[in-house]
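Novice: Per UniProt numbering: the sequence shown = residues 1 to 141. We put the CB at the ideal spot given by N, CA and C, even for glycine. All figures in this text were calculated on a predicted structure; none of them were measured in a lab.
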Amino acid sequence: MPPKKKTHEVTLALEAGNAAMVDLGKMLGPTGANMRAVKVEYDEATSKNRGEIIPVVVSVYEDRSHTLVYKTPPTSFLIRKALGIQSGASNPLTQTVGTLSATQVKEIAERKLPDLNANDITAAVQIVAGTARSMGVKVAQ
1 MPPKKKTHEV
11 TLALEAGNAA
21 MVDLGKMLGP
31 TGANMRAVKV
41 EYDEATSKNR
51 GEIIPVVVSV
61 YEDRSHTLVY
71 KTPPTSFLIR
81 KALGIQSGAS
91 NPLTQTVGTL
101 SATQVKEIAE
111 RKLPDLNAND
121 ITAAVQIVAG
131 TARSMGVKVA
141 Q
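1. Tell me whether Thr31 is buried or exposed, calling it buried when 16 or more other Cβ atoms sit within 10 Å of its Cβ.
2. Could you name the residues of the same chain whose beta carbon sits closer than 6 Å to that of Leu78, not counting the 5 residues immediately before and after it, in chain order?
3. What does the Cβ neighbour count give for Lys48, buried or exposed, with the cut at 16 atoms within 10 Å?
4. Return helix, strand or coil for Ile127, following the three-state DSSP convention.
5. Does DSSP put Leu113 in a helix, a strand or coil?
6. Determine, using beta carbons only, whether Pro55 and Arg111 come nearer to each other than 9 Å.
7. Decide if Met21 is buried, meaning its Cβ has at least 16 other Cβ atoms within 10 Å, or exposed.
8. Could you check what DSSP says for Thr67 in three-state terms: helix, strand or coil?
9. Using 8 Å as the threshold, is the segment 127-139 in touch with the segment 89-96, meaning 3 or more CB pairs across them?
10. Can you tell me the Cβ-Cβ gap for Val57 and Thr11, rounded? I've got them flagged as a contact below 8 Å.
11. Please state the DSSP three-state secondary structure of Val38.
12. Please classify Gln104: is it buried, with 16 or more other beta-carbons within 10 angstroms of its beta-carbon, or exposed?
13. Classify Leu12 as helix, strand or coil using the three-state DSSP reduction.
14. On the DSSP bridge assignment, give the partners of Leu100 in chain order.
Here it is as structure tokens:
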């Protein structure tokens, strides 16, 4: 049997364990995918990470079946969570909203490594540190 033909691929950033049907409806409505099935599958798979934002790539096929591929939370979300802040600086050149320790940066880099364009942890740390600086967060050496 030949492989199924993919008709749509949608990336969604949803709250783990509690995907909103409104968000799913807006993005998946035109694809013809079963939104209720996607919500149930997503909520079950991400329930242990409640409160986090877990992106997912939804692939929809000709027969309206779907597959979900889970990604790691956005780097900015992980940085805000580590510092306990709501948002980054409105002007990162002049404002500082917090300081990340080298240990925190490494922990975030290790978690993000599968989704980053980096071959090793050193490169991943540099990527995370750059994101932090662009948010107005100082990175301790």
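Specialist: The answer reads as follows:
1. buried
2. Ile108
3. exposed
4. helix
5. helix
6. no
7. exposed
8. strand
9. yes
10. 5 Å
11. helix
12. buried
13. strand
14. Val139
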